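Working notes, structure below.
Spelled out as structure tokens, the structure:
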């Protein structure tokens, strides 16, 4: 097949081309990984490809390392790899080391490199957490990602910020985090929801909603069934108070945000309020909010 030809040709090309010709490496390595992941990888092939990746990830040529990380993604997403644990430790070591350096100086980092590291890191945390259980990989990545999210716009671009927030959402949906990590992300989303930038705030809103709808106590499955709807509503007084504070921040975004932002928040508020609060609390909050003379978007 074409992938057999691709795999054999690129392997041969990788053998004969000069080592210093790094421009070829950045395309050959992901090509080999793509072909191998489609054809299927037994232990011998996995060992051969992992050695190529290991050498490339040690390269001083950044585009080659970026290409290797894309190759890793092809392998991780494949269902035809017998020995996936050959790749995971090598990649997690690389990402943990480099993400630390980047989080301290993200303004000077290559955005493409950062984005592909985040993609691979979040994918491993979501689907291969059992292979990283004995390490502090998840803890390190979460800490460094939170650091980047808390940086200024000049240090962390909006695209990197958004990718991190979406990655957090995926981990919450996959229930790949412990209770402490979930609480940390919930607090982070509330903090970032107060940012003046609508793009940053709406990304934070998505994370906040995801964190509330994926609570470990079983709430958040559906609002069609009365029993499930009852389960979703906070029972603990302190939890109810915290939930109302988050709602107040959403109403605050409607007051202070741009019309398009206010429209987006107002669109999600009704089902959210209905899922998490009893009717009387909803009426009191909504009527009080929209009778306020400080509400520029009463519609």
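Residue numbers (the UniProt record's numbering): 1 to 299.
Built from N, CA and C at the ideal position, the CB exists for glycine as well.
Please read all numbers here as calculations on a predicted model, not as lab measurements.
Less than 6 Å between C-beta atoms, sequence neighbours within five positions excluded: which residues of the same chain meet that for residue 46?
Take residue 46, set aside five residues on each side of it, and the residues of its chain with a beta-carbon closer than 6 Å to its own are 83, 86, in chain order.
How about residue 92 and residue 156: do their beta carbons lie closer than 8 Å?
Inclusion of residue 92 and residue 156 in the CB contact set at 8 Å is not warranted, their separation being larger than that value.
Since I believe residue 171 is in contact with residue 123 (beta carbons under 8 Å), could you give me their beta-carbon distance rounded to a whole number of angstroms?
That pair is no contact at about 10 Å.
For the alpha helix (DSSP H) containing residue 56, list its first residue and its last residue.
Where residue 56 is concerned, the enclosing alpha helix (DSSP H) stretches over 43-57.
Three or more C-beta pairs below 8 Å linking the segment 202-212 and the segment 187-194:
Because the criterion of three Cβ pairs below 8 Å is met, the segment 202-212 and the segment 187-194 touch.
Per DSSP, what are the beta-bridge partners of residue 81 in this structure?
According to DSSP, residue 81 bridges with 41.
If I follow the unbroken alpha helix (DSSP H) through residue 151, where does it start and stop?
That residue, residue 151, is in no alpha helix (DSSP H); it is neither H nor E in DSSP.
Sequence-distant residues of its chain with Cβ nearer than 7 Å to residue 3 (five each side left out):
Closer than 7 Å at the Cβ level, and outside the excluded window around residue 3, lie 35, 38, 39.
Only counting runs of 4 or more residues, tell me where the alpha helix (DSSP H) segments fall wholly within the segment 155-205, in order along the chain.
Counting only runs of 4 or more, we get 158-173, 179-192.
Can you tell me the Cα-Cα spacing of residue 128 and residue 121, whole angstroms?
A straight-line Cα-Cα distance of about 10 Å links residue 128 and residue 121.
Considering only C-alpha positions, which residue in the set 174, 264, 243 is nearest to residue 198?
Ranking the options by Cα distance to residue 198, first place goes to 264.
Cα-Cα separation between residue 48 and residue 180, rounded to whole angstroms
If I take the Cα positions, the gap works out to 40 Å.
Contact check, residue 149 vs residue 113, beta carbons under 8 Å:
No, Cβ-Cβ distance for residue 149 and residue 113 is not below 8 Å.
Alpha carbon to alpha carbon, what distance is there between residue 100 and residue 212?
A direct Cα-Cα distance of roughly 29 Å separates residue 212 from residue 100.
Let me confirm a value: residue 258 is counted as buried when at least 16 other C-beta atoms fall within 10 Å, else exposed. Which label applies?
Per the 10 Å Cβ criterion, exposed.
Where residue 184 and residue 200 are concerned, what is the direct C-alpha to C-alpha distance, given to the nearest angstrom?
Rounded to the nearest angstrom, the two C-alpha atoms are 18 Å apart.
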